[in-house]
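Engineer:
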Amino acid sequence: MAALTMFINGQEIETEEGRTVLEAATEAGITIPTLCYHPAVTASGGCRMCLVEVEPRGQLHPACTFPVSPGLRVQTHSDKVVKARRYVLELLFSERSHYCMYCAADGDCELQTLAYYHGMDHWLYPRSDIPRVVDASRQYFIMDHNRCILCRRCIRACSEVAAVHTLGMGQRGAESLVVADLDVPFGESTCISCGSCLDVCPVGALVDRRSAFMGGDADLERHGTVCAQCSLGCSIIARTRSDRLIRIDSDWDNGPSAGLLCRVGRFEPLHVTAPRIRTPLVREGGELVPCSWDEALSLVAHRLSAADSLAALISARATNEELVAFNTV
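Now the structure itself:
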């Protein structure tokens, strides 16, 4: 890609052809607010929160889709831009039920964060009182259409990340909503429960049943690790609180799956109720009793010291046929 020079807020920026204004600004450390944009999916420019003013005509364009060009000059926080963004926020808050204190995403909501940033402390327009469906038919998560801002992130993640194409748009106008397949209950759809839609949702429309109301992003510790559910080795972000696993997030920057997780890797570790084995156990008189690491290692070394001694390990996740074959060896 050929290098070029553009100007953002009067600052000279070196970037490359093919990039968008949002990408160039992010690389330069300049923050432009977004709602429908997520780096893991293609940009749509639908929410209009990332509007920037293009000089000299003063036209407003979405930064996430507007390409850079040599000599381009944009303003990211002019009075005209800030006024347009606040207008978008006011309309979004009037369309659905956004009572933050009752929402599972309170404190982690991108809509809430932008409202605080733009000084919103009340609704300017009357709020819609139309009750919308709360689809709780899936085992691991809930879709609350009352919280949805129709950013379509979940739809793009379902199509582009998971390649399942379960989610889409239904109805029209003020009745528009995200639907599964041909508008069937989420639990009866072709959804594979990968959770990619949860990871990209900017508000509280898609909520993990297990981790809801158990702590916001600031309350949870972040641990980059590798999923142990199979041999693929997907990178994950384990979120914990007081040494307790609360949820598992995608690691979009590392691992062989590029952020895509399966149902087993994302949700099953959250539902393990058996107590963890924290000390070695040895069998005495038919019962497992705790012992020290030195005692356990000494016992293993003694048992394996004979020439005909054999030790083997197999996972409980092996197939029934593999387990039977292993047991007969």
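Its first residue numbered 1328, the sequence shown is counted upward by one per residue in our numbering.
Even for Gly, the Cβ is constructed at its ideal location relative to N, Cα and C.
Taking 8 angstroms as the threshold (C-beta atoms), are residue 1533 and residue 1468 in contact?
Structural biologist: yes
Engineer: Applying the criterion that 16 or more other CB atoms from any shown protein chain within 10 Å of the CB defines a buried residue, is residue 1655 buried or exposed?
Structural biologist: exposed
Engineer: I'd like to know whether the C-beta atoms of residue 1545 and residue 1434 end up nearer to each other than 8 angstroms.
Structural biologist: yes
Engineer: Is there contact here, the region 1426 to 1440 with the region 1517 to 1535, by at least three beta-carbon pairs under 8 angstroms?
Structural biologist: The region 1426 to 1440 vs the region 1517 to 1535: in contact.
Engineer: Check for me: the beta strand (DSSP E) holding residue 1495 runs from which residue to which?
Structural biologist: 1494 to 1497
Engineer: Under 8 angstroms by Cβ, that's how I've got residue 1561 and residue 1522 pegged, so tell me the actual separation to the nearest angstrom.
Structural biologist: 12 angstroms between Cβ atoms; not a contact.
Engineer: Under 8 angstroms, do residue 1478 and residue 1363 count as touching if we go by C-beta distance?
Structural biologist: Residue 1478 places its beta carbon less than 8 angstroms from that of residue 1363.
Engineer: Are the CB atoms of residue 1390 and residue 1374 within a distance shorter than 8 angstroms?
Structural biologist: Taking 8 angstroms as the Cβ cut-off, residue 1374 and residue 1390 do not qualify as a contacting pair.
Engineer: How would you label residue 1538, buried or exposed, when you count the other beta carbons within 10 angstroms and need 16 or more for buried?
Structural biologist: buried
Engineer: What's the gap between the Cα of residue 1643 and the Cα of residue 1601?
Structural biologist: 15 angstroms
Engineer: CA-CA distance, residue 1474 and residue 1554?
Structural biologist: 31 angstroms
Engineer: Under the three-state reduction of DSSP, which class applies to residue 1318: helix, strand or coil?
Structural biologist: Only positions 1328 to 1656 of the chain appear in the structure, and residue 1318 is not among them; the question remains open.
Engineer: Based on the DSSP output, what are the partners of residue 1403 in its beta bridges?
Structural biologist: According to DSSP, residue 1403 shares a beta bridge with no other residue.
Engineer: Considering only C-alpha positions, which residue in the set 1558, 1559, 1526, 1583 is nearest to residue 1565?
Structural biologist: 1526
Engineer: So, is residue 1420 buried or exposed, given that buried needs 16 or more other C-beta atoms within 10 angstroms?
Structural biologist: buried
Engineer: Taking only three categories from DSSP, how would you classify residue 1507?
Structural biologist: strand
Engineer: Shortest alpha-carbon distance to residue 1495 belongs to which of 1365, 1488, 1507, 1501?
Structural biologist: The candidate whose alpha carbon is nearest that of residue 1495 is 1507.
Engineer: Would you mind working out which of 1492, 1641, 1335 sits nearest residue 1558, comparing C-alpha positions?
Structural biologist: 1641
Engineer: What residue does the beta strand (DSSP E) around residue 1556 start on, and which one ends it?
Structural biologist: It is not in any beta strand (DSSP E) - residue 1556 carries neither H nor E in the DSSP assignment.
Engineer: Output yes or no for whether 8 angstroms exceeds the beta carbon distance between residue 1588 and residue 1567.
Structural biologist: Against a cut-off of 8 angstroms, the Cβ pair of residue 1567 and residue 1588 comes out as no contact.
Engineer: What does the alpha-carbon distance come out to for the pair residue 1381 and residue 1333?
Structural biologist: 11 angstroms
Engineer: Buried or exposed, going by whether 16 or more other CB atoms sit within 10 Å of the CB of residue 1453?
Structural biologist: exposed
Engineer: I need the DSSP call for residue 1439, collapsed to helix, strand or coil.
Structural biologist: helix
Engineer: Check each candidate in 1403, 1622, 1541 and name the one with the smallest Cα separation from residue 1431.
Structural biologist: 1541
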